[in-house]
Every structure is written in structure tokens, then in C-alpha cells.
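Numbering (my numbering), first residue to last: 17 to 446. A virtual CB, placed ideally from N, CA and C, is assigned to each residue, including glycine. Note that this is a predicted model, so its numbers are computed, not measured. Shown next, in C-alpha cells, is the structure this report addresses.
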Ligand SMILES: Cc1ncc(COP(=O)(O)O)c(C=O)c1O
Ligand SMILES: [Zn+2]
């Protein structure tokens with residue numbers, strides 16, 4: 017038998033385009049036909065979700081991870097290979113100021129910026145890095161708009177693997193670059209945009225046998241499914257009407273579609289929440305394809321203040337399209353100024369997030385205004401990254417000349433160390 021046709025044991029990979037099957041015993045890159053690998057393993061026919069309450073309250077280190085707790089939905093890996101911080105267990109927030117700004121009374125935010133390296137990427141990375149270790153990889157690699165590189169660098173360091181990260185030169189936030197440097201990854205700055213870095217890392221992973229940790233890798237998506245599974249657990253398995261998330265490379269959109277389908281197949285939920293994917297106006301290839309009824313898709317040059325979603329050729333386009341179709345989802349765009357205002361409002365509510373995350377909140381407002389989300393519907397908006405991921409954008413919003421016309425601008429003042437000077441600047445508050 018052709019070894020490429022072997023099933024590879026309890027789990028295997030299937031090309032999403034030509035359906036070729038190959039074993040999951042190495043870095044899961046693209047199929048020879050250019051299609052992306054789907055990960056296949058047996059799901060239980062039904063699951064009694066009360067096991068998750070017991071695990072959450074227990075002491076087992078794997079159960080304490082908001083990823084591995086839901087291991088019925090994860091590929092079977094030996095517990096000895098697992099690299100975990102642990103991740104997940106992220107909180108839900110409500111804020112009346114955000115409900116009134118968006119016009120959505122039942123708005124809940126799930127803050128994935130509370131993960132170990134400050135973004136949702138850790139959920140996929142614990143699974144994919146564990147697989148890399150299980151198959152004996154030595155060097156792992158990714159292209160990144162910043163957060164993936166921070167997460168790869170941290171998990172590789174914990175797993176004793178060497179990480180090489182490919183970054184678009186000058187186009188990622190200093191905080192994210194600082195994380196990758198500090199965790200000890202080898203940093204390769206590519207003269208070009210994210211899409212160029214992505215092309216290069218794909219070629220390099222094949223030629224140089226690097227284990228690829230981008231979201232082409234379905235082990236990443238398996239881990240990212242747990243955002244939705246943990247969310248539903250927090251909501252006592254009562255699906256919201258909508259889950260709203262930012263879209264860049266579209267890995268999360270694809271993972272959310274899988275999670276929703278699998279929660280339904282295993283009998284945990286009876287009804288599917290609808291997905292709403294929000295793109296930045298200047299980086300909106302998925303939105304344009306959606307507007308054509310998915311008749312056309314073409315990569316576009318991408319520009320937006322939300323550097324994490326500055327992506328013009330999303331790798332998971334086809335997978336994400338399936339997720340939108342299967343959940344009766346929608347795709348919307350918001351301008352950079354709307355993203356910045358949404359971020360300022362999330363920050364001012366005491367919650368805080370990075371710019372790309374705020375696209376989801378700006379998107380809720382746009383969808384309510386468009387009459388697509390009804391004001392009484394229940395909505396969960398995903399915050400994908402922590403406020404500290406991008407302090408430069410905070411400074412620019414509050415201190416640049418444009419700040420004059422921004423209602424939430426908050427400019428620091430400097431005083432001589434005297435009470436008289438202090439009285440002068442605090443006269444309106446004290
Ligand atoms: C903070 C943040 N939000 C959103 C995204 C977009 O996620 P996806 O590429 O899964 O669409 C990213 C991806 O880098 C990110 O870092
Ligand atoms: Zn194929």
C-alpha cells in the first residue's frame with residue numbers, strides 16, 4: 017500500500033480539497049494539491065457535559081487547562097507529550113457602557129487576552145506544540161502578525177524546541193516582538209508584508225523540515241475550538257444568538273465552525289449560534305468574497321491600524337467560508353476609526369484589549385445599526401488580545417494631534433512638585 021494512503025492510527029489527516037489521506041506523524045502542511053489538512057479522529061457519539069464541571073473543580077493539571085479539560089474534542093496525544101501553562105479559563109464580562117454604545121442589551125465579552133501570553137493563540141499552541149513534541153520535531157516555525165510568534169516562542173521554550181519566527185519587518189507591535197525575543201525564538205524579519213512572510217515560512221517548512229505552527233496546522237484549530245466549548249460551558253450550554261469575532265487569517269472562524277458542529281453532533285447543544293466575522297475595512301478579502309455570495313475570492317493588499325488582522329490572503333478562507341455557511345453567519349467591515357473608538361470604550365470600561373479585538377465590538381455596533389443583530393438578542397463578542405499587546409496605538413490615540421477630536425482622549429499632564437500647581441490641574445475634579 018502507498019504509505020501516503022495509510023490511515024496512521026487513531027487519527028489521520030485528510031486533504032480538504034482532493035480527500036487524500038495521510039498519517040499525522042509529522043508537520044501537517046499542505047497537501048500536494050494545495051489543499052489544507054483536516055484532522056480526523058473519533059468523537060464520542062454523545063457526551064454528558066457534567067464531566068466538565070467535575071474536571072473544572074478538580075486538581076488534575078490537565079483538567080485545569082481550559083483546553084485539555086475538553087479533551088474529548090481534541091486529538092488523542094499521550095499526556096506525557098503535553099505542554100501546558102495551563103491556558104484558557106478566560107472570563108466573561110458585561111459593561112453597561114458597552115451595551116448602550118453598541119445598542120446590544122445582552123452583550124457579553126469573552127476575554128481571550130487573559131491567556132498565558134496574552135492572546136487566544138495559546139489555545140492552539142498547547143495542542144500543536146504537544147503534537148510537534150510527540151512526533152519528534154526539533155525546530156518549529158511560524159509567520160506572524162505578532163501574537164502567534166509570542167505564543168510559539170513561549171511554548172517552544174517550555175517544550176525544549178527551537179523556534180524560528182518569520183515577521184513582516186517593521187509591521188508588528190514592539191510588545192509582541194519583545195515577547196518573541198525574550199522567550200528566545202530565532203527572529204527572521206522579512207522585507208514584505210505578512211502574506212509574504214507566510215509564503216516564505218511555508219516554503220521553508222518543506223525544504224528545511226521545520227514543524228509549521230501556523231493555523232494551516234489543524235492541531236492549532238483543534239485547540240482553538242475550546243474557546244467556543246469553554247464559552248458554552250460558562251453559559252451552561254445555552255447557546256447565544258451570535259458569536260462575533262475579528263477575522264484575519266480566519267483560523268478562529270474555521271475552528272469556531274468546527275466546534276459548533278461538534279457540540280451539536282455530540283448532543284451538547286441543540287441549536288447553532290450564528291457567527292459574525294468582522295474585518296477591518298482596509299484588510300477585507302473575506303468580506304468582499306462574502307458580498308459576492310462567495311462566488312469570487314481574491315487576495316488584496318491589506319492596511320489597517322489593527323496590525324494583528326492586517327492580512328490580505330487568509331490561509332483558512334475555504335474553511336471559514338464553510339463555517340459561515342453552516343452557521344448562517346455574516347461578515348461585516350468596520351473602519352479603523354471605529355476600531356479605535358471601540359477599543360477606547362472597551363479600555364475605558366476597565367476591561368481593555370488590543371485593536372484587532374475591538375473590531376468585534378465595533379462590529380456588534382455596526383450589525384445592530386444594520387438591523388442584522390436585533391437589540392434583544394444575546395451576543396458574545398470575542399476579545400482576542402490583551403491591552404498591553406499594543407501600547408503604541410494607545411499612545412497615538414490619546415496623544416496625537418487627532419486626539420483633539422476624540423471624545424475619550426486622555427492626555428497626561430506634567431506639573432511642578434507643588435500643591436499650588438496640582439490644584440491648578442485638578443481644579444475640575446478636587
Ligand atoms: C489579536 C488578534 N485578533 C484576531 C486575529 C485574527 O485571527 P484569525 O487569524 O484566526 O482570523 C489575530 C491573528 O493574528 C490576533 O492576533
Ligand atoms: Zn489534496
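Counting by C-beta, which residues lie closer than 6 Å to a heavy atom of ligand 2, in chain order?
That query returns the following residues: 31, 33, 34, 36, 47, 49, 51.
Check whether the Cβ of residue 262 sits closer than 7 Å to any heavy atom of ligand 1, and report yes or no.
Here residue 262 refers to the residue found at position 246 when the chain shown is read from its first residue. Under cutoff, so the answer is yes.
Where in the region 302-349 do unbroken runs of the alpha helix (DSSP H), each at least 4 residues long, occur, reported from the N-terminal end onward?
Runs found: 333-342.
If residue 331 sits next to residue 231, beta carbons under 8 Å apart, how far is it from one beta carbon to the other, in whole angstroms?
Position 315 of the chain shown, counting from 1, holds the residue named residue 331. Position 215 of the chain shown, counting from 1, holds the residue named residue 231. Yes, they are in contact, since the Cβ atoms of residue 331 and residue 231 sit about 6 Å apart, within 8 Å.
Under the DSSP definition of a beta bridge, which residues are partnered with residue 27?
Here residue 27 refers to the residue found at position 11 of the chain shown. Partner(s): 57.
Checking the sheet assignment: what are the DSSP bridge partners for residue 295?
Locating residue 295 in the chain shown gives position 279, counting from the first residue. According to DSSP, residue 295 bridges with 349.
Might you give, ordered along the chain, the residues of its own chain that have their beta carbon closer than 6 Å to the beta carbon of residue 140, omitting 5 neighbours on each side?
What you label residue 140 is simply residue 124 of the chain shown in a count that begins at 1. Closer than 6 Å at Cβ, skipping near neighbours: 236, 239, 240.
Out of curiosity, what's the CA-to-CA distance linking residue 282 and residue 53?
Numbered from its first residue, the chain shown carries residue 282 at position 266. Numbered from its first residue, the chain shown carries residue 53 at position 37. The alpha-carbon atoms of residue 282 and residue 53 are separated by roughly 23 Å.
Starting from residue 168, follow the alpha helix (DSSP H) in both directions and report where the run begins and ends.
Your numbering for residue 168 matches position 152 in the chain shown. Segment 163-175, the alpha helix (DSSP H) holding residue 168.
When you compare each of 209, 87, 278 to residue 188 by their alpha carbons, which one comes out closest?
As a position in the chain shown, residue 188 is number 172, starting the count at 1. With distances taken between Cα atoms, residue 188 lies closest to 209.
Any idea which residues DSSP pairs residue 407 with across the strands?
One-based indexing of the chain shown puts residue 407 at position 391. For residue 407, which the question treats as bridged, DSSP gives no partner whatsoever.
Pull up the DSSP beta-bridge partners for residue 123, would you.
Numbered from its first residue, the chain shown carries residue 123 at position 107. Paired residues: 395.
Taking the straight line between their C-alpha atoms, what separation do you get for residue 96 and residue 365?
Looking up residue 96 in the chain shown gives position 80. Looking up residue 365 in the chain shown gives position 349. One C-alpha to the other measures close to 42 Å.
Going by C-alpha to C-alpha distance, which of 173, 153, 214 sits closest to residue 182?
As a position in the chain shown, residue 182 is number 166, starting the count at 1. Nearest option by C-alpha distance: 214.
Alpha carbon to alpha carbon, what distance is there between residue 349 and residue 418?
Position 402 of the chain shown, counted from the first residue, corresponds to residue 418. Position 333 of the chain shown, counted from the first residue, corresponds to residue 349. If I take the Cα positions, the gap works out to 23 Å.
Within the same chain, show all residues whose beta-carbon is closer than 8 Å to that of residue 427, passing over the 5 residues directly before and after it, in chain order.
Within the chain shown, the letter at position 411 stands for residue 427. Cβ within range, chain order: 414, 415, 419.
Quick one: residues in its chain with C-beta nearer than 6 Å to the C-beta of residue 131, no 5 flanking neighbours on either side, listed in chain order?
For the purposes of this step, residue 131 is taken as the residue at position 115 of the chain shown. 103, 138, listed in sequence order.
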